[in-house]
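The sequence shown lines up with residues 198 to 418 when you count with my numbering.
Structure first, then comments.
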Amino acid sequence: MTEAAIASDPPRRLFVPTLTKQCSLFMIGSALFALGSAPGLSEVLGSNGSNLLYFVGAWFFTTAGLIQLFLSGAIAVPVSYAPGRMVRAEWLAAATQSFGTVMFNISTTAALRAKSVTAQEHYVWNPDAGGSVAFLVSGFLVFVAYSHTAPLWDPGKASWWSALVNLIGCVAFGVSAVGAYILPNGDVVNGALANGGTFIGALCFFLASLIVLPAWRRRAR
């Protein structure tokens, strides 16, 4: 963004949560995760280089997750049956995903310093697995929320494709967590599965955000 553009925009608007900011931050975080786990590149970077990219990327994820939660709207809506109000699936999906991003923050921060097997298991893998489960739950809740306003099978809509690609990414991150399980000797169950799942998950998250990025959708028309 140019200095003129920044000067013409009231400072308060720079901090207003928008879909463009949400998508952009998710895309930056996803790009960093993809770089850290990319086949070939991850070997060149080594574990320290990859962990640093994950650490920075997780902060972009967390910020984007908070914006998504803010934009998701009211927590509950009135219903005609007991108890009279129900939590909205869209808000719950955003809240669950936001929680998952915080878990990834904890995991990636610990990965920079954890040396012992115990530390890697408790402070790296456990929150990583918790974040992956939260992402899986949020991925399914997105479809629940979508089904409340549109057909569950709706391939003609960009938002439906975004939800589907997001879910695939959530599954990939879950597979990555399984591969990254810490064995008693300090090794992971399957390093290729851990890196591959992270790489695919990151690409899916990047695409899911790009599909609904307002600027991209305007150009695609």
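Cβ coordinates follow ideal geometry from the N, Cα and C atoms, glycine included.
* Nearest-angstrom Cα separation, counted from F301 out to L364 -> Against the sequence shown, residue 364 aligns to sequence position 167. Against the sequence shown, residue 301 aligns to sequence position 104. Those two C-alpha atoms are separated by around 17 angstroms.
* Run through DSSP, which three-state label would V276 get? -> Taking the sequence shown and counting its residues from 1, the one referred to as residue 276 is at position 79. Of the three classes helix, strand and coil, the one that applies to V276 here is coil, per DSSP.
* Asked: How far does the alpha helix (DSSP H) with V253 in it reach, from first residue to last?
  -> On the sequence shown, position 56 is the one that residue 253 refers to. Going by DSSP, V253 is part of the alpha helix (DSSP H) stretching over 238-268.
* Closest residue to N405 among S356, L380, A391, N392 (Cα-Cα distance) -> Here residue 405 is taken as the residue at index 208 of the sequence shown, counted from 1. It is worth fixing the name first, because residue 405 is Ala in this sequence and not Asn. Among S356, L380, A391, N392, the Cα nearest to that of A405 is on S356.
* How far does the beta strand (DSSP E) with V284 in it reach, from first residue to last? -> Taking the first residue of the sequence shown as 1, we reach residue 284 at position 87. Residues 282-284.
* To do: Less than 8 angstroms between the CB atoms is what I'm expecting for L268 and Q219, so what's the real figure, rounded?
  => Locating residue 268 in the sequence shown gives position 71, counting from the first residue. Locating residue 219 in the sequence shown gives position 22, counting from the first residue. Between Q219 and L268 the Cβ distance is about 7 angstroms, and since that is below 8 angstroms, they are a contact.
* **Pairwise C-alpha distance: L361 and A399** => Indexing the sequence shown from 1 puts residue 399 at position 202. Indexing the sequence shown from 1 puts residue 361 at position 164. So the two alpha carbons sit approximately 14 angstroms from each other.
* Using 8 angstroms as the Cβ pair cut-off and three pairs as the minimum, do the region 330-341 and the region 286-305 touch? -> Counting C-beta pairs closer than 8 angstroms gives three or more between the region 330-341 and the region 286-305, which meets the contact rule.
* To do: Going by CA-CA distance only, name the one from A271, Y278, S277, S304 that's closest to A292.
  => Position 95 of the sequence shown, counting from 1, holds the residue named residue 292. Of the listed residues, the one whose Cα sits closest to A292 is A271.
* Of the residues F230, H345, T306, S277, the one placed nearest S373, counting alpha carbons only -> Counted from its first residue, the sequence shown places residue 373 at position 176. Of the listed residues, the one whose Cα sits closest to S373 is F230.
* Asked: Which residue from V253, A342, L216, I264 puts its Cα closest to that of G226?
  -> Here residue 226 corresponds to residue number 29 of the sequence shown, with the count starting at 1. It is V253 whose Cα lies nearest to the Cα of G226.
* Would you give the residue range spanned by the alpha helix (DSSP H) that P324 belongs to? => Counted from its first residue, the sequence shown places residue 324 at position 127. 323-344 is the span of the alpha helix (DSSP H), which, as asked, contains P324.
* Asked: How would you label N248, buried or exposed, when you count the other beta carbons within 10 angstroms and need 16 or more for buried?
  -> Here residue 248 is taken as the residue at index 51 of the sequence shown, counted from 1. Classification of N248: buried, given that the 10 Å Cβ count is 16 or more.
* Helix, strand or coil at L385 [DSSP, three-state] -> As a working mapping, residue 385 is identified with position 188 in the sequence shown. According to the sequence displayed, residue 385 carries Val and not Leu. Strand at V385.
* Just curious, the alpha helix (DSSP H) that T217 is in, first and last residue? -> If you number the sequence shown from 1, residue 217 lands on position 20. Counting along the chain, the alpha helix (DSSP H) containing T217 begins and ends at 216-234.
* Out of E240, L309, Y343, V368, point me to the one whose CA is closest to E287's CA. => Mapped onto the sequence shown, residue 287 falls at position 90. Of the listed residues, the one whose Cα sits closest to E287 is Y343.
* **Beta-bridge pairing of I379 - partner residues as DSSP gives them** => By 1-based counting over the sequence shown, the position of residue 379 is 182. Beta-bridge partners of I379 (DSSP): V385.
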